[in-house]
Every structure is written in C-alpha cells, then in structure tokens.
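**Student:** Residue numbers (full-length UniProt numbering): 1 to 79.
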C-alpha cells in the first residue's frame, strides 16, 4: 500500500473512538488504546506501519457494520 492510497490521519482519528470500542481481541484493544493516547500529543504522527494498521482497522469496523453495503444504490430524487 503506497502512501498515496492512505487516508489522511484526521479522517482515521475521527473514527478512532469507534475502533477502540469495536476492538475484539487483546492485541487490537491494546493497539487502539495506544494510538488513542499517542494521538493526543502535539505533532504526533503514526509510523508508516501504524498508519496502515489504523486504516485497516477503520475499514474493518465500517465493513462489519455494513456502512458501505449497496452504496451504489442511492435512491433517486424524483420531481
């Protein structure tokens, strides 16, 4: 995954509280909480590996919730 395909950090952190609540195993919970703490530091930036993992975790949360199921089927507004 290239740096160009990574979501901006502010987008990932916006969803991060949901990721923290949805973490299902000890490693994921620990990682999510660690990122939550670190992100409060001024000028903090994740390592490239952390950034990729954060993106995967956010995507997994929304995939599991079904937020993007049938997203091509928006209802049409008719006159």
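All C-beta atoms, glycine included, are put in the ideal place defined by N, C-alpha and C.
The alpha helix (DSSP H) that contains residue 12, what's its start and end?
**Tutor:** 9-22
**Student:** So the alpha helix (DSSP H) residue 34 belongs to, where does it begin and stop?
**Tutor:** 26-38
**Student:** Tell me the rounded alpha-carbon separation between residue 55 and residue 31.
**Tutor:** 13 Å
**Student:** Am I right that residue 15 and residue 58 are in contact with their C-beta atoms under 8 Å? What's the rounded C-beta distance?
**Tutor:** 5 Å
**Student:** Where does residue 53 fall in DSSP's three states?
**Tutor:** helix
**Student:** Taking the straight line between their C-alpha atoms, what separation do you get for residue 13 and residue 21?
**Tutor:** 13 Å
**Student:** Residue 8: which of 41, 27, 45, 24 sits nearest, CA to CA?
**Tutor:** 45
**Student:** Please report the distance separating the alpha-carbon of residue 28 from that of residue 18.
**Tutor:** 13 Å
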